[in-house]
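FYI, the numbering for the sequence shown is 46 to 614, going by the numbering used here.
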Amino acid sequence: MAIDRREFLRTGAAGAALAGLSVASLSVAGGCATPSLPHPGAAPRAEGQSPFLHGVASGDPLADRVILWTRVSPEAYRMASAVRVGWWIANDAEAKDVVARGEIDALPERDFTVQVDAAGLAPGHAYHYGFVCEGVASPVGRTRTLPEANVGEVRLALASCANLPQGYFNAYACIAARDDLDAVVHLGDYLYEYGNGEYGDGTALGRIPDPVHEILSLEDYRRRHAQYKADPDLQAAHARHPWLTVWDDHESANDAWKDGAQNHTEGDAPGGPDGKGRGEGAWTARKLAAIRAYHEWMPIRDLPDGLFRSFRIGELVDLVMLDTRLHGRDAKVGPKDHAGAADPERSLLGADQTAWLLEALSASKRAGTQWRVIGQQVVFAPLRGVFGDFNADSWDGYRANRAAILDHLEHEAIDDVVILTGDVHSAWALDVPAEAPVAPVPPNADTGAAASAGSAQAPKPGTSSYDPKTGRGSRAVEVVAPAVSSPPFGTHPQGAVMIEKSAPMNPQIRYSNALENGWVLLGLTAERARAEFFASESVKTRSAICHRRAVLEARAATAHWVVLEGAEG
46 MAIDRREFLR TGAAGAALAG LSVASLSVAG GCATPSLPHP GAAPRAEGQS
96 PFLHGVASGD PLADRVILWT RVSPEAYRMA SAVRVGWWIA NDAEAKDVVA
146 RGEIDALPER DFTVQVDAAG LAPGHAYHYG FVCEGVASPV GRTRTLPEAN
196 VGEVRLALAS CANLPQGYFN AYACIAARDD LDAVVHLGDY LYEYGNGEYG
246 DGTALGRIPD PVHEILSLED YRRRHAQYKA DPDLQAAHAR HPWLTVWDDH
296 ESANDAWKDG AQNHTEGDAP GGPDGKGRGE GAWTARKLAA IRAYHEWMPI
346 RDLPDGLFRS FRIGELVDLV MLDTRLHGRD AKVGPKDHAG AADPERSLLG
396 ADQTAWLLEA LSASKRAGTQ WRVIGQQVVF APLRGVFGDF NADSWDGYRA
446 NRAAILDHLE HEAIDDVVIL TGDVHSAWAL DVPAEAPVAP VPPNADTGAA
496 ASAGSAQAPK PGTSSYDPKT GRGSRAVEVV APAVSSPPFG THPQGAVMIE
546 KSAPMNPQIR YSNALENGWV LLGLTAERAR AEFFASESVK TRSAICHRRA
596 VLEARAATAH WVVLEGAEG
């Protein structure tokens, strides 16, 4: 059966109609009444059970509005039909100075999740918000609108790759403890699709994935989102800050692309029409299920063209968020197929998203915005030998698409570009030259990896136009956020060897930490971009302590990271 994505997401969507109710009346009489029945007819709540088991969240802030999110747990009321939920947003946590309020229906078609696009707000302002159901108040969340005019500094927390059975979300606990952030930017792999034991066994920590098997259906994806949203550290980070999110592959399936995934076997599922299915169903249906669950369970504004969207943060930052997975990505090539990786017909973004990005960058330059920040999923800078011959899943596997972006930056004289990345379970600060540079190789270095990594784009050792001392030849800088709890890349024996051997070939790596989990604080002023890399303590025990490992700074108009604290390279 053909399913239209927009209709799939829109099913059951309900607008939030403002109601002339006081917060007091909302807390007593509003919410969790079946809309067609008077409030006293609502099913009784199980004793001691909150209807808000998954906390509250906010996201996609603009200068005058922000998305507010929660879920009413149907098991708390043994309900199967729509229920009404009250919401409010105020200048204070006690809701004495309410600026907007209303009611919205939580619908079974949306898994009883609700999203409110709370509008009419002041720019650059902190707010508190909450929901009410059956006289029970949700936790109170804190959010912030984006500034409209000049702003001294923008501070963003960067996170990626949270694998629940692999460990605790200590990085989220550290982010939740901060009170100086404008937003959290999550760069993908918010959850993982695997069954228990397939990529981490949560038995010892009591973090067994739900459902226990690999997720395939809409109900599966909803249950996995629900389990993640029940984590106290993730709940705290959501309640404390607005989030800006993009999916990577594991929100659907490993190494996903527009027409399939490495971790998907096309074909009839077991028990299919002939009773002999060995596949996992149709990828189209699985992809749509993953997308629908994501839009239901995340504080994200649904847009007609897909996940890619932009945010103007005063006159200082234009942030664009991309979809490098499900929208336009072609299948990746083999791990040694350099010709395929350079094929101009292959794309990571798709023609429409690429055109949208290039125009967004040009428009930002014309508007006089200081920084252009690109939030996306996979490593952008060219690298040699770090992830084998080259990483076909990253932009190194889609070189023509990357070249089109870098050429546009050069031809349009667009500077001050910061690229944000997740995916690789390690922390990096990278200069972004147009070519993969090769530094002069010491006499005793292993040059085999350098030779095997050669391609049409590669200069010979010592001939690169990029100068790691000054940044000459770099067109942007990149920040790669470490994993929240997924195993760090360098803890794998093969990963550690590849990093060590490839270091002489990659002078554009200004900092790396492939051994620890953590997060990044990115601060942007008119004069500089500053990246602070934090490592969380062992994810095998719950902790809210993080340690700063490095600080790097890129001055405006330089496209070059300089290490201020921590070891270079």
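Beta carbons: idealized from backbone N, C-alpha and C, even for Gly.
| Query | Result |
| --- | --- |
| Same chain, Cβ closer than 6 Å to Leu-609, neighbours up to 5 away in sequence not counted | Val-596 and Glu-598 |
| Cβ neighbour criterion (16 or more within 10 Å) applied to Ser-583 | exposed |
| Leu-261, buried or exposed, once every other Cβ within 10 Å from all chains shown has been counted against 16 | buried |
| For Pro-552 and Glu-480, the rounded distance between their alpha carbons | 12 Å |
| Host beta strand (DSSP E) of Ala-548 (start-end) | Looking at the DSSP string, Ala-548 is not in any beta strand (DSSP E), and its letter there is neither H nor E. |
| Given Gly-251 as reference, the closest of Ala-601, Arg-594 and Thr-586 once Cα atoms are compared | Thr-586 |
| Exposed unless 16 or more other CB atoms sit within 10 angstroms - verdict on Ser-297 | buried |
| Asp-156, DSSP secondary structure in three states | coil |
| Close beta carbons around Glu-561, own chain, < 8 Å, minus the five adjacent residues each side | Ala-472, Pro-527, Pro-533, Ala-580, Ser-581 and Arg-594 |
| Rounded Cβ spacing between Arg-285 and Ala-221 (contact assumed at less than 8 Å) | 5 Å |
| Bridge-paired residues (DSSP) for Ala-595 | Phe-578 |
| Local conformation of Glu-120 per DSSP, three classes | helix |
| Start and end residues, beta strand (DSSP E) containing Ser-519 | 519-525 |
| Three-state class that DSSP yields for Cys-178 in the structure shown | strand |
| Glu-572 to Ala-218 span [Cα, whole Å] | 30 Å |
| Presumed contact (8 Å Cβ cut-off) between Gly-618 and Phe-578, rounded CB distance | The structure shown does not extend to residue 618, since the chain spans only 46 to 614, so no value can be given for it. |
| Val-607 versus Glu-613: straight-line alpha-carbon distance, rounded | 9 Å |
| CB contact flag (Pro-96, Ser-126, <9 Å) | no |
| Residues near Gly-611 by beta carbon distance below 6 Å, same chain, minus five either side | Arg-594 and Ala-595 |
| Cβ-Cβ distance between Gly-520 and Ser-510 below 9 Å | One detail in the question is off: residue 520 reads as Arg in this sequence, not Gly. For Arg-520 and Ser-510, no; Cβs fall outside 9 Å. |
| Reduced DSSP category for Trp-328 - H, G, I as helix; E, B as strand; rest coil | helix |
| At least 3 beta-carbon pairs within less than 8 Å: the region 199-217 vs the region 130-148 | no |
| Closest residue to Val-229 among Glu-457, Val-291 and Gly-175 (Cα-Cα distance) | Val-291 |
| Contact under 9 Å by Cβ, Gly-175 with Gly-186 | yes |
| Sequence-distant residues of the same chain with beta carbon closer than 7 Å to Ala-301, five excluded per side | Asp-294, Arg-370 and Leu-371 |
| Whole-angstrom distance between Leu-152 and Gln-415, CA atom to CA atom | 43 Å |
| Residue interval of the beta strand (DSSP E) (run including Ile-621) | The structure shown does not extend to residue 621, since the chain is modelled only from 46 to 614, so the question has no answer here. |
| DSSP state of Trp-401 mapped onto helix, strand, coil | helix |
| CB of Thr-240 within 9 Å of CB of Asn-208, strictly | The amino acid occupying residue 240 in the given sequence is Gly; Thr does not appear at that position. No. Outside cutoff. |
| With 16 other Cβ atoms within 10 Å as the buried cut-off, status of Gly-413 | exposed |
| Close beta carbons around Gly-540, own chain, < 6 Å, minus the five adjacent residues each side | Phe-534 |
| Which of helix, strand or coil DSSP assigns to Leu-82 | The predicted model places Leu-82 with a pLDDT of 33, which falls under 50 and marks its position as unreliable; any figure quoted below should be read in that light. If DSSP states are grouped into helix, strand and coil, Leu-82 belongs with coil. |
| Expected contact under 8 Å - CB spacing of Ala-334 and Tyr-235 to nearest Å | Ala-334 to Tyr-235, Cβ: 16 Å. No contact. |
| Close-in-space but distant-in-sequence residues of the same chain around Tyr-172 (CB under 6 Å, 5 per side omitted) | Ile-134 and Thr-188 |
| Length of the line joining the Cα atoms of His-340 and Val-177 | 22 Å |
| contact_flag[the region 371-391, the region 432-448] where n(CB pairs < 8 Å) is 3 or more | yes |
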